[in-house]
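**Student:** The sequence shown begins at 169 in the numbering used here and counts up by one.
Note that the Cβ used here is the ideal one computed from N, Cα and C, for glycine as well.
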Amino acid sequence: MRPILLQGHTRPLTQIKYNAEGDLLFSAAKDKSCNVWFSINGERLGTYEGHNGAIWSVDPSYDSKHLLTGSGDYSSIYWDLETGKILEKIECDSPVRSVGFSYSAKEFFLATDQIGNKDAEILLFDSRDRDQMMNTKPWQSIVMPRSHPKLTVVIWGPQSQILITGHDNGDLNLFNPKTQDRVTHSTGYHDNRINDLQTGRDGLLLISACKDQTARLWDPFSLDLLKTYKTDRPVNSAAICPNKDHVIIGGGQEAQDVTTTAGKVGKFEAKFYHMVFEEEFARVKGHFGPINSIAIHPDGKSYSSGGEEGYVRMHYFDQNYLEFDFEQ
């Protein structure tokens with residue numbers, strides 16, 4: 169499994185994501201840029217330039233017509249995906265930590281950080297109403313009071329009917345975006361910061377990646393815990409394979425300690441686990457720092473990882489992996 173090395177960022181990767189068809193891969197980083205690549209060969213198609221701070225989150229719409237980015241410069245940009253033109257720049261009162269289009273792309277959310285006297289918020293916009301974006305007047309706002317655990321990541325749940333939030337104490341919550349009500353709350357399973365949340369391609373499973381050295385599989389409708397994948401390192405990202413009963417986990421030693429540790433000791437490999445049996449069966453090396461984000465191609469035949477060293481590694485699976493059958 170020879171990787172394609174994508175070199176287009178000068179600072180750590182924060183998030184990578186495929187579009188729905190899987191022909192494009194988007195990479196966001198702390199160098200204020202978001203790149204788009206052909207997933208078939210790693211050719212860089214272009215760069216979305218317009219932010220003045222680290223880009224924390226990126227999401228293409230399901231129809232691949234628009235792109236959202238959220239940045240530490242207190243703004244989110246709504247892009248024309250094909251041309252790279254800025255359609256709207258949404259100014260916020262604090263850094264934008266997470267962004268996401270609904271399945272229909274008619275709605276999207278921005279999740280902002282708690283900073284100073286400003287509470288964290290989840291702002292919901294109708295993408296058909298440009299006035300909402302132009303004047304930062306969302307049709308709904310879910311406030312996260314500072315008495316609540318700090319918000320770290322937000323994604324849409326099944327059928328975009330709910331919002332799933334992860335927090336720095338390990339809590340998970342489900343919110344109804346229309347009523348602002350918290351539908352379900354899960355606590356005590358993770359005991360540290362949740363770094364990443366992803367659903368499977370059909371939306372029927374949820375996986376969380378946590379600093380407590382575990383990734384966990386959940387029922388996204390009830391937040392019932394299904395499986396736990398234990399590692400020996402903080403987990404920064406985890407993804408569910410669409411065509412196999414596998415999950416891929418990435419992480420590694422804390423970024424501030426990387427310069428004092430060899431790659432072998434830092435444990436920067438991507439790890440493969442059987443979804444049902446919770447057993448690790450493979451590792452893929454290559455990064456020279458922690459893996460910050462993992463994304464699996466919609467067809468399940470390849471995956472990509474973005475690292476602290478600024479590189480994206482795109483891996484196409486060999487045929488023997490695609491034919492591999494786990495024996496218990």
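#1: What does the alpha-carbon distance come out to for the pair PHE343 and ARG369?
#2: Would you mind reading off the limits of the beta strand (DSSP E) that contains GLN500?
#3: Just checking, does the region 390 to 407 make contact with the region 456 to 466 on the three C-beta pairs under 8 angstroms criterion?
#4: Identify whether ALA430 lies in helix, strand or coil by the three-state DSSP scheme.
#5: Using the Cβ count rule (16 or more neighbours within 10 Å means buried), how would you classify ASN341?
#6: Out of ARG298, SER309, ALA273, which has the shortest C-alpha to C-alpha gap to ASP287?
#7: Based on the DSSP output, what are the partners of THR215 in its beta bridges?
#8: With a 10 Å radius around its C-beta and 16 neighbouring C-beta atoms as the bar for buried, classify LEU278 as buried or exposed.
#9: Any idea what DSSP makes of MET302, helix, strand or coil?
#10: What residue range does the alpha helix (DSSP H) around TYR489 cover?
#11: If you follow the beta strand (DSSP E) that PRO228 is part of, which residue opens it and which one closes it?
#12: Can you find at least 3 beta carbon pairs, one from the region 346 to 356 and one from the region 438 to 451, that sit closer than 8 angstroms?
#13: With a CB to CB cut of under 7 angstroms and the five nearest residues on each side skipped, what residues in its chain are close to GLY454?
#14: My output table needs one value for GLN366: the three-state DSSP class, helix, strand or coil.
#15: To the nearest whole angstrom, what separates the beta carbons of LYS185 and VAL226, a pair I think is in contact under 8 angstroms?
**Tutor:** Let me spell this out:
#1: For the purposes of this step, residue 343 is taken as residue 175 along the sequence shown, with counting starting at 1. For the purposes of this step, residue 369 is taken as residue 201 along the sequence shown, with counting starting at 1. The alpha-carbon atoms of PHE343 and ARG369 are separated by roughly 21 angstroms.
#2: In the structure displayed, the chain extends from 169 to 496; residue 500 sits before or after that span and is not available.
#3: yes
#4: One-based indexing of the sequence shown puts residue 430 at position 262. Note that ALA430 scores a pLDDT of 49, beneath 50, so its modelled location is shaky and nothing firm can be said.
#5: Translated into positions along the sequence shown, residue 341 becomes position 173. ASN341 is buried by the Cβ-count criterion.
#6: What you label residue 287 is simply residue 119 of the sequence shown in a count that begins at 1. Ranking ARG298, SER309, ALA273 by Cα distance to ASP287 puts SER309 first.
#7: Reading the sequence shown from its first residue, position 47 is the one you call residue 215. Bridge partners of THR215: ASN203.
#8: Here residue 278 is taken as the residue at index 110 of the sequence shown, counted from 1. So LEU278 counts as buried.
#9: The count along the sequence shown starts at 1 and reaches residue 302 at position 134. Helix at MET302.
#10: For this step, residue 489 is matched to residue 321 along the sequence shown. 487 to 490 is the extent of the alpha helix (DSSP H) around TYR489.
#11: The count along the sequence shown starts at 1 and reaches residue 228 at position 60. Segment 223 to 228, the beta strand (DSSP E) holding PRO228.
#12: no
#13: As a working mapping, residue 454 is identified with position 286 in the sequence shown. Taken in chain order, the residues that qualify are PRO171, ARG481.
#14: If you number the sequence shown from 1, residue 366 lands on position 198. Correct three-state label for GLN366: strand.
#15: For the purposes of this step, residue 185 is taken as residue 17 along the sequence shown, with counting starting at 1. For the purposes of this step, residue 226 is taken as residue 58 along the sequence shown, with counting starting at 1. At roughly 6 angstroms, the Cβ-Cβ gap stays under 8 angstroms, so LYS185 and VAL226 are in contact.
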